[in-house]
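Take a look at the structure below.
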Amino acid sequence: MGTDIGDLLQKHTIEIAELSNKVVAIDAYNTLYQFLSIIRQRDGTPLKDSSGQVTSHLSGILYRFTNLIESGVKPVFVFDGKPPEFKSGTLEKRHEIREAASAKWEDAKAQGFEEEAYKYAQASSKVTKEIIEDSIKLLELMGIPYVKAPSEGEAQASYMVRKGDADLIGSQDYDSLLFGAPSVVRNLTITGKRKLPRKNLYVDVKPEMISLEESLEELGVTRSQLIDIAMCIGTDYNPGLENIGPKRALKFVKEHGSIEGVLFEIGKEIEDLDSKKDFFMNPPVTDDYELKWEKPDRAGIIDFLCKQHDFSEDRVNKVLDRLEANMGGGQSTLDQWF
DNA sequence: CTGAGAAA
DNA sequence: TTTCTCAGG
Numbered sequence: 001m002g003t004d005i006g007d008l009l010q011k012h013t014i015e016i017a018e019l020s021n022k023v024v025a026i027d028a029y030n031t032l033y034q035f036l037s038i039i040r041q042r043d044g045t046p047l048k049d050s051s052g053q054v055t056s057h058l059s060g061i062l063y064r065f066t067n068l069i070e071s072g073v074k075p076v077f078v079f080d081g082k083p084p085e086f087k088s089g090t091l092e093k094r095h096e097i098r099e100a101a102s103a104k105w106e107d108a109k110a111q112g113f114e115e116e117a118y119k120y121a122q123a124s125s126k127v128t129k130e131i132i133e134d135s136i137k138l139l140e141l142m143g144i145p146y147v148k149a150p151s152e153g154e155a156q157a158s159y160m161v162r163k164g165d166a167d168l169i170g171s172q173d174y175d176s177l178l179f180g181a182p183s184v185v186r187n188l189t190i191t192g193k194r195k196l197p198r199k200n201l202y203v204d205v206k207p208e209m210i211s212l213e214e215s216l217e218e219l220g221v222t223r224s225q226l227i228d229i230a231m232c233i234g235t236d237y238n239p240g241l242e243n244i245g246p247k248r249a250l251k252f253v254k255e256h257g258s259i260e261g262v263l264f265e266i267g268k269e270i271e272d273l274d275s276k277k278d279f280f281m282n283p284p285v286t287d288d289y290e291l292k293w294e295k296p297d298r299a300g301i302i303d304f305l306c307k308q309h310d311f312s313e314d315r316v317n318k319v320l321d322r323l324e325a326n327m328g329g330g331q332s333t334l335d336q337w338f
């Protein structure tokens, strides 16, 4: 998933308070995948309602985004549209890895290998059409805006930030930087601690910001060259060159000026190189969206989460008290932005 | 992951 | 109060 340029980038930990009143374009696919893979029981089973429907993503959205909104963050979810043709290889590979993980999960579970079982359970996570539909339904009920991208969500989100409609992108991946996002924030949560799997270790996890301009300056390359570096290592659109990691990719691209220079030097080719590079520079995007943070529909949320998906009404009401106090109407902290 | 409640 | 464990759906 994504590229491995993270090692080359300048990262700054920030306080969540610094994001107050900032519009954060959320990479929906990335976030939902994270929820599905992490919000699980100890045996690896995701949260499910009584009819067997997975609900991990609903729990994640409800709690995390209520917290972020309470901290003054203004989230807008950006969903993927139709992937580019040349992503099919990656998508197929992900499908195969998921299938294999699913089988290994069953095996490990049957043999009582708990740690392995959990690992493979996570790797078998899939962001299905139903998961996306459920998530959109909950976002609408919570009053959180969302955008459907014509193609890649990260491209659309980057466009929205460049246009000034959003301030930064929330994602664990670095791909948005290739699409020209001025800044990306990772680890977008308010709870500062994360437990390392199967260990008694707790690590402080703070939001981490990456500025495109600063990183480019530090590396001494242009955005076009950063795309070239990423393509040397491998992106969602190409497998990457053999025996070339971030360090050597940077060195080679700087030495030869571009990926074309590197390829000539080592006598290799990348299929559809020009159109892939152009896709990063000029991806399909849309202006067809409206960003409004509205009062949550309490009755609708109770019906959807509690009546349909077996959430505890007590818990949901408590979260909604906090959400209502910070969304739409009245003394909302969000209104002052307009 | 997150909130709630137990343990320290 | 703070830290840790566990269930949530």
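For what it's worth, UniProt numbering labels the leading residue of the first sequence as 1, then goes sequentially. A virtual CB, placed ideally from N, CA and C, is assigned to each residue, including glycine. Note that the coordinates shown come from a computational prediction; the quantities given were computed from them, not determined experimentally.
Is it buried or exposed, residue i, if we count other Cβ atoms within 10 angstroms and call 16 or more buried?
{"i": "residue 356", "result": "Nothing about residue 356 can be read from this structure; the chain reaches only from 1 to 338."}
{"i": "residue 370", "result": "For residue 370 there is no data in the structure shown, the boundaries of the chain being 1 and 338."}
{"i": "leucine 62", "result": "buried"}
{"i": "valine 147", "result": "buried"}
{"i": "alanine 17", "result": "exposed"}
{"i": "isoleucine 259", "result": "buried"}
{"i": "aspartate 335", "result": "Note that aspartate 335 has pLDDT 41, beneath the 50 cutoff, so the model's placement of it is unreliable and no number is given."}
{"i": "isoleucine 34", "result": "Going by the sequence as given, residue 34 is glutamine instead of isoleucine. Flag for glutamine 34 reads buried."}
{"i": "lysine 292", "result": "exposed"}
{"i": "glutamine 156", "result": "buried"}
{"i": "asparagine 238", "result": "buried"}
{"i": "valine 203", "result": "exposed"}
Considering Cα atoms alone, identify which of the options is closest to residue i.
{"i": "histidine 95", "options": "Val203, Leu188, Ala123", "result": "Ala123"}
{"i": "aspartate 80", "options": "Lys11, Asp303, Ala28", "result": "Ala28"}
{"i": "leucine 305", "options": "Leu138, Leu68, Glu70", "result": "Leu138"}
{"i": "tyrosine 5", "options": "Met142, Ile26, Asp175, Asn317", "result": "Strictly speaking, residue 5 in this sequence is isoleucine, with tyrosine absent from that position. Closest by alpha carbon: Asp175."}
{"i": "glycine 240", "options": "Met231, Val285, Met142", "result": "Met231"}
{"i": "glycine 192", "options": "Pro75, Glu15, Ile266", "result": "Glu15"}
Please report the straight-line C-alpha distance between residue i and residue j, rounded to a whole angstrom.
{"i": "isoleucine 131", "j": "leucine 91", "result": "18 angstroms"}
{"i": "lysine 295", "j": "leucine 263", "result": "54 angstroms"}
{"i": "alanine 181", "j": "alanine 166", "result": "10 angstroms"}
{"i": "alanine 108", "j": "serine 275", "result": "43 angstroms"}
{"i": "phenylalanine 77", "j": "aspartate 287", "result": "15 angstroms"}
{"i": "serine 50", "j": "valine 23", "result": "36 angstroms"}
{"i": "leucine 177", "j": "serine 158", "result": "8 angstroms"}
{"i": "glutamate 214", "j": "proline 84", "result": "29 angstroms"}
{"i": "threonine 55", "j": "isoleucine 169", "result": "25 angstroms"}
{"i": "serine 59", "j": "lysine 307", "result": "15 angstroms"}
{"i": "glycine 330", "j": "isoleucine 38", "result": "Confidence is the limiting factor: at glycine 330 the pLDDT is only 33, short of 50, which leaves the residue's position unreliable, though a coordinate-based value still follows. The straight-line gap from Cα to Cα measures roughly 36 angstroms."}
{"i": "phenylalanine 86", "j": "leucine 273", "result": "10 angstroms"}
{"i": "arginine 315", "j": "arginine 322", "result": "11 angstroms"}
{"i": "glycine 44", "j": "serine 88", "result": "29 angstroms"}
Assuming residue i contacts residue j under a Cβ cut-off of 8 angstroms, what Cβ separation, rounded to an integer in Å, is found between them?
{"i": "glycine 220", "j": "lysine 254", "result": "7 angstroms"}
{"i": "arginine 64", "j": "threonine 189", "result": "6 angstroms"}
{"i": "threonine 13", "j": "glutamate 208", "result": "5 angstroms"}
{"i": "tyrosine 118", "j": "lysine 104", "result": "About 11 angstroms; that fails the 8 angstroms criterion."}
Return yes when the C-beta of residue i is under 7 angstroms from any heavy atom of the ligand SAM, and no when it is not.
{"i": "serine 151", "result": "The model depicted lacks the ligand SAM and carries no ligand whatsoever."}
Spatial neighbours of residue i within its chain, please: C-beta separation below 7 angstroms, excluding the five flanking residues on both sides.
{"i": "threonine 235", "result": "Thr3"}
{"i": "leucine 320", "result": "Pro296, Arg298, Ile301"}
{"i": "glutamine 172", "result": "Asn30, Gln34, Arg186"}
{"i": "serine 125", "result": "Tyr33, Leu36, Ser37"}
{"i": "proline 283", "result": "Ser151, Glu152, Ala155, Phe179"}
{"i": "tyrosine 289", "result": "Val147"}
Give me, in chain order, the residues of the same chain whose beta-carbon lies closer than 6 angstroms to that of residue i; leave out the 5 immediate sequence neighbours on both sides.
{"i": "serine 20", "result": "Gly72"}
{"i": "aspartate 228", "result": "Val253, Ser258, Ile259"}
{"i": "aspartate 7", "result": "Pro246"}
Using a Cβ-Cβ cut-off of 8 angstroms (strictly less than) and excluding sequence neighbours within five positions of residue i, which residues of its own chain qualify?
{"i": "lysine 48", "result": "Val54, Thr55"}
{"i": "arginine 98", "result": "Ala123, Ser124, Ser125, Lys126"}
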